[in-house]
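To keep things clear, I will list the structure first and then write my remarks on it.
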Amino acid sequence: MGILRLKQHLEPYLDTVSLQDRVHPSPGVATAQAVVIDGPSLVYHVYHRLLSWSNPDLHYPDIQPTCDEVSHGVMIFLLHLASLGVTIKKLCFDGALPPSKQLTRLARLEKTRKRLEAFRISHSACLSTSFAPETMTANRWENVLQSRTLPASLTLVPENHFIVPAVYEDLRERWSKENILEALPLDSFLRMTANRLASLPWADVTVMVPGEADVYCAHLAKRNTCSILTNDSDLLLYDIGSTGSVILVSSMSWTRTDPGNSITAQGICPNTVARRLGLESLLPLAFELQSNPKIGMGELIQRSKIIDRVPDPVPGYSHFAKEYQTCPSILVDDIGKQYPQSLDTRVSEMVSQYLFPETYSQDALLNMYLVMLNEDPKRQCAWLQGRVIRVIGYSFFNLTQPIGKRHKYIVEHIRRGGRVTSDMITLENQSWLSAEIQSLLDHLSIVQAKTGIEVDCPVFWRTFALYTIFGLQTTPKIPNLDQLKQLLAHGSMSNNLDWDDVHILAQIQSVLYSLRILKQLLGISEISDRQTTQAAAFLARLPPLHVLMRSAHEMKRDKSHVASTASEYV
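Per the UniProt record's numbering, the very first residue in the sequence shown carries number 1; after that it's consecutive.
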């Protein structure tokens, strides 16, 4: 998660690096011909790069890069590396974070909540028109390698927290050679590279690791004597070999005027920098910086040398250093065989608490850290919609485990009012589970019969989400049929998008993602009964995440499929 200000202190030691498969003609410029990529770091870099290139006439939420746009951006980024002959050894994604990171994670959730709250206060009225011209949002992913400072006006824009699982899924399943060629402009010089690709060029190198991606990135970099692409300063503290380097993704740029040019970036060889500072490694420096963030570099170096030389480490240092001296729990070459690769990070983390309880269980409690939805923070948390569906998944997976590994509760960490809280939820028995699975199947069948929409169509699933949200309500605040049709067609209930629309869209996302959680947990379990098999077959037709989480302006593409929808809502 990074040591605050570590990169800032080490800026004088950055070197220029060229990413290409040949020696750079300029003296003193190192070449990176093979890389390991920190997946989440790359995804968020692409997100912020695309945000910086957004049309200034756009408003929230249209200005927020979507899962689909970020996925396109990552694809273009990787295609550029392929065009320069750079070998990607692995793209590593976090499968779980250790309990020691819980306080940091909760603090980050709270920071995200405050950011959303501040944005809500500063944008109290109408947000944007849901009829923004499509040209405003078209193909901004083409600028993924063009550096640009993020305008101050965009610093509070809430982040899209589904981008990492969406990109992970797409790298493994979506970005085939055919789909890449279809996405590229006809005049793109990258088409030549795309034509040389394998069928699914990044599927085999994209892995969900049983733990933090950092550990595996460091191990792979040392084993392959190559560089790590990341923005996470933590990777400067691992042993990545005497010549291993960390290349900052945020510094990468490419000159559009000369497509044959390499991508240039700034990188650090931790071992070389440590020797220049008179240290064995950068660990003592990072420890002192974390303990004393306000002191200058000179004093940091002096204190670090003391830690390096004393026979007994100062209090707290051994515990700090241990985090960066761990080895992969599963051999890199065996990950695909021994660890599920079909899960999103949040689901993977829950499963890890069953598979490796001694490593990932916190006080014997089962935890689920749900992302902060882009909702109206003045209203009830949108995650409460779809909770029953999630509990079906949690409870089903729990019952498939040996009795000694089962849990009685799961703790969901979500927003409640003006704070982040922990909700303890009972994991149910088989009788409850059977009744709720049947109820879910009945509701899916009702929506299918009432609408006539094909199950494979995204609009079917959004309509089902609306049924889940409003189907059993009798209050006069329920939107009428025309408003719901407008919402499904244009992403808002009127010509102008407001916070009511934003919150309903967040509730829809909650229901849809809850279905995805259920689908994934059923997918890695042994199913023997007819009822659950039927549910799994229905959920197998759930669209991929970049489709499920379409934005308001993307939903307009589906409007031709909107027929007479669920009149029982009103």
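Even glycine gets a Cβ: it sits at the ideal position worked out from N, Cα and C.
Same chain, Cβ closer than 6 Å to residue i, neighbours up to 5 away in sequence not counted
{"i": "alanine 203", "result": "Arg172"}
{"i": "glycine 2", "result": "Asp232, Ser233 and Asp234"}
{"i": "leucine 487", "result": "Met493"}
{"i": "proline 367", "result": "The sequence given here places asparagine at residue 367; proline does not occur at that position. Correct list, in chain order: Val411."}
{"i": "leucine 548", "result": "Leu512"}
{"i": "valine 455", "result": "Arg541"}
{"i": "histidine 413", "result": "Tyr369 and Ser422"}
{"i": "lysine 556", "result": "His490"}
{"i": "methionine 75", "result": "Trp175"}
{"i": "serine 130", "result": "Residue placement at serine 130 is flagged as unreliable, the pLDDT there being 47, under the threshold of 50; a coordinate-derived value is accordingly withheld."}
{"i": "glutamine 302", "result": "none"}
{"i": "glycine 73", "result": "Val46, Leu50, Trp141 and Val144"}
{"i": "arginine 390", "result": "Ser514 and Ile517"}
{"i": "tryptophan 383", "result": "Leu370, Ile414 and Ser510"}
Residue range of the alpha helix (DSSP H) that includes residue i
{"i": "valine 523", "result": "Checking the sequence shown, residue 523 turns out to be glycine, not valine. Note, glycine 523: alpha helix (DSSP H), 499-523."}
{"i": "proline 423", "result": "The sequence given here has aspartate at residue 423, not proline. No alpha helix (DSSP H) holds aspartate 423; the beta strand (DSSP E) holding it covers 419-426."}
{"i": "leucine 103", "result": "102-122"}
{"i": "isoleucine 247", "result": "Where isoleucine 247 is concerned, there is no enclosing alpha helix (DSSP H), although the beta strand (DSSP E) it sits in stretches over 245-248."}
{"i": "threonine 533", "result": "530-539"}
{"i": "phenylalanine 460", "result": "458-470"}
{"i": "cysteine 217", "result": "213-224"}
{"i": "phenylalanine 77", "result": "67-83"}
{"i": "phenylalanine 287", "result": "283-291"}
{"i": "threonine 345", "result": "345-355"}
{"i": "leucine 300", "result": "297-309"}
{"i": "threonine 326", "result": "Where threonine 326 is concerned, there is no enclosing alpha helix (DSSP H), given that its DSSP letter is neither H nor E."}
{"i": "isoleucine 437", "result": "430-451"}
{"i": "serine 253", "result": "Counting along the chain, serine 253 falls outside any alpha helix (DSSP H), and DSSP gives it neither H nor E."}
{"i": "serine 482", "result": "At residue 482 the sequence reads aspartate, which differs from the serine that was named. Its alpha helix (DSSP H) spans residues 481-490."}
{"i": "serine 41", "result": "39-52"}
{"i": "alanine 552", "result": "552-555"}
Counted within 10 angstroms of its Cβ, other Cβ atoms place residue i as buried (16 or more) or exposed
{"i": "proline 27", "result": "exposed"}
{"i": "lysine 378", "result": "exposed"}
{"i": "glutamine 146", "result": "exposed"}
{"i": "threonine 468", "result": "buried"}
{"i": "alanine 435", "result": "exposed"}
{"i": "isoleucine 306", "result": "exposed"}
{"i": "phenylalanine 189", "result": "exposed"}
{"i": "valine 310", "result": "exposed"}
{"i": "valine 35", "result": "buried"}
{"i": "glutamine 430", "result": "exposed"}
{"i": "lysine 7", "result": "buried"}
{"i": "methionine 372", "result": "buried"}
{"i": "glutamate 178", "result": "exposed"}
{"i": "valine 23", "result": "exposed"}
{"i": "glutamate 288", "result": "buried"}
{"i": "asparagine 292", "result": "exposed"}
{"i": "methionine 192", "result": "exposed"}
{"i": "glutamate 299", "result": "exposed"}
{"i": "lysine 89", "result": "buried"}
{"i": "glutamine 20", "result": "buried"}
Proximal residues to residue i (C-beta, below 7 Å), its chain only, five neighbours per side dropped
{"i": "proline 249", "result": "According to the sequence shown, residue 249 is valine rather than proline. If we look at valine 249 and ignore the five residues flanking it on each side, its Cβ neighbours are Ser41, Leu42, His45, Leu229, Thr230 and Asn231."}
{"i": "glutamate 554", "result": "Thr66 and Asp68"}
{"i": "leucine 521", "result": "Val347, Gly393, Phe396 and Phe397"}
{"i": "valine 570", "result": "Low confidence applies to valine 570: its pLDDT is 31, below 50, so where it sits in the model is not reliable, and the reading given next is rough at best. Within the same chain, valine 570 has close Cβ partners Ile478, Asn480 and Leu481."}
{"i": "isoleucine 330", "result": "Pro210, Gln338 and Tyr339"}
{"i": "glutamate 169", "result": "Pro544 and Leu545"}
Boundaries of the beta strand (DSSP E) in which residue i is found, first to last residue
{"i": "glutamine 266", "result": "263-268"}
{"i": "methionine 368", "result": "366-369"}
{"i": "phenylalanine 93", "result": "87-94"}
{"i": "serine 18", "result": "15-19"}
{"i": "leucine 331", "result": "Where leucine 331 is concerned, there is no enclosing beta strand (DSSP E), given that its DSSP letter is neither H nor E."}
{"i": "leucine 6", "result": "Here leucine 6 belongs to no beta strand (DSSP E); instead the alpha helix (DSSP H) covers 6-10."}
{"i": "leucine 548", "result": "Unbroken run through leucine 548 is the alpha helix (DSSP H), 545-548; no beta strand (DSSP E)."}
{"i": "leucine 229", "result": "227-230"}
Chain-order list of residues whose beta-carbon lies under 8 Å from that of residue i (same chain, five-residue window excluded)
{"i": "arginine 416", "result": "Cys381 and Asp423"}
{"i": "alanine 536", "result": "Lys519, Leu522, Gly523 and Ile527"}
{"i": "serine 342", "result": "Gln520, Gly523 and Ile524"}
{"i": "phenylalanine 502", "result": "In the sequence as displayed, the identity of residue 502 is valine instead of phenylalanine. Only Pro61, Leu127, Asn374, Glu375 and Asp376 meet the Cβ criterion."}
{"i": "serine 281", "result": "Leu237, Asp239, Pro270, Asn271 and Ala274"}
Residue i: CB within 7 Å of a non-hydrogen atom of the ligand COA
{"i": "proline 328", "result": "As for the ligand COA, it is missing from this structure, which has no ligand bound."}
Stretch-stretch touch, CB-based, cutoff 8 Å, three pairs: the segment 436-443 with the segment 398-412: no
Alpha helix (DSSP H) runs contained entirely in the segment 371-424, provided each spans 4 or more residues: 387-399
Unbroken alpha helix (DSSP H) runs of length 4 or more, entirely within the segment 182-215: which are they? 190-195
Quick check: the segment 176-184 against the segment 310-330, are at least 3 beta-carbon pairs closer than 8 Å? no
Counting Cβ pairs, one atom from each stretch, are 3 or more of them under 8 Å apart for the segment 349-362 and the segment 92-100? yes
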